[in-house]
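The next block holds one structure in the form of structure tokens; read it before the comments.
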Amino acid sequence: MALWGRQNEQVTTLKAEQFQVVDKQGRVRAVLGLAEGDRLPQVTLLNTDGAPQLQIGLNDEGPSVIMRTPAGHTGVRIGVSNDSGSFIMFCDEEEKPGVVIKLKNGRPQVTLLDADGKVRLALVADLSGSQVDLDDPSGVTRAQLFAEGKTTSGF
Numbered sequence: 001m002a003l004w005g006r007q008n009e010q011v012t013t014l015k016a017e018q019f020q021v022v023d024k025q026g027r028v029r030a031v032l033g034l035a036e037g038d039r040l041p042q043v044t045l046l047n048t049d050g051a052p053q054l055q056i057g058l059n060d061e062g063p064s065v066i067m068r069t070p071a072g073h074t075g076v077r078i079g080v081s082n083d084s085g086s087f088i089m090f091c092d093e094e095e096k097p098g099v100v101i102k103l104k105n106g107r108p109q110v111t112l113l114d115a116d117g118k119v120r121l122a123l124v125a126d127l128s129g130s131q132v133d134l135d136d137p138s139g140v141t142r143a144q145l146f147a148e149g150k151t152t153s154g155f
């Protein structure tokens with residue numbers, strides 16, 4: 001690849017604060033740069049309207065992938081963090097989580113949240129058994145189904 005007319009020179013390092021990929025009309029379609037106060041790397045892919053559709057990057061919690069709606073709102077977030085372990089979060093049009101799937105320390109969990117962000121259903125499984133919690137709109141668990149070991153279960 002020739003840069004700036006030097007055909008026989010090989011560039012081994014190219015440094016910049018940001019790289020942009022533009023289409024034939026000069027519209028930015030992809031960006032490789034820094035986020036979080038110019039500290040952490042991020043790749044952003046933009047649609048033809050210039051709205052970010054996919055972001056892959058690092059934040060203070062760890063690596064993440066964010067898929068956005070055509071309007072630019074977070075639809076799905078996949079990540080890994082020290083506190084939460086691995087997770088997938090599905091968000092509504094207002095970017096509020098509605099479904100969260102987590103895996104931390106070998107313990108999977110599925111949580112359904114209402115429009116106010118309150119847990120309404122939680123499913124947890126680990127080596128000792130599994131549990132389903134049903135919560136009312138105020139966040140109080142009203143019903144619980146569990147199975148532990150080979151002989152203990154309850155409702």
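Following my numbering from start to finish, the sequence shown increments by one per residue and tops out at 155.
Every residue gets a Cβ at the ideal spot worked out from N, C-alpha and C, and that includes glycine.
Exercise. Going by the CB atoms, is the gap between Gln55 and Gln42 shorter than 8 Å?
Worked result: Taking the first residue of the sequence shown as 1, we reach residue 42 at position 42. Taking the first residue of the sequence shown as 1, we reach residue 55 at position 55. Closer than 8 Å, so yes.
Problem set entry | Identity of the residues DSSP links to Pro97 by a beta bridge | Mapped onto the sequence shown, residue 97 falls at position 97. Paired residue(s): Cys91.
Exercise. If you check the beta carbons only, do Gly85 and Cys91 fall under 8 Å apart?
Worked result: By one-based count along the sequence shown, residue 85 stands at place 85. By one-based count along the sequence shown, residue 91 stands at place 91. For Gly85 and Cys91, no; Cβs fall outside 8 Å.
Exercise. Just how far apart, CA to CA, sit Asn82 and Ala125?
Worked result: Sequence index remark: in the sequence shown, residue 82 carries index 82 (1-based). Sequence index remark: in the sequence shown, residue 125 carries index 125 (1-based). Approximately 20 Å between the Cα atoms of the pair.
Problem set entry | For Asn59, three-class secondary structure by DSSP | Start at 1 with the first residue of the sequence shown, and residue 59 comes out as number 59. If DSSP states are grouped into helix, strand and coil, Asn59 belongs with the strands.
For this session: Could you spell out where the beta strand (DSSP E) holding Leu113 opens and where it closes?
Result: By one-based count along the sequence shown, residue 113 stands at place 113. Taken as a continuous stretch (DSSP letters only), the beta strand (DSSP E) holding Leu113 covers 107-113.
Problem set entry | Residue range of the unbroken beta strand (DSSP E) whose run includes Gly156 | One cannot answer for residue 156 here, as it falls past the ends of the chain, which runs 1 to 155.
For this session: Within the stretch 2-33, note down every full alpha helix (DSSP H) run reaching 4 residues or more, in order along the chain.
Result: none
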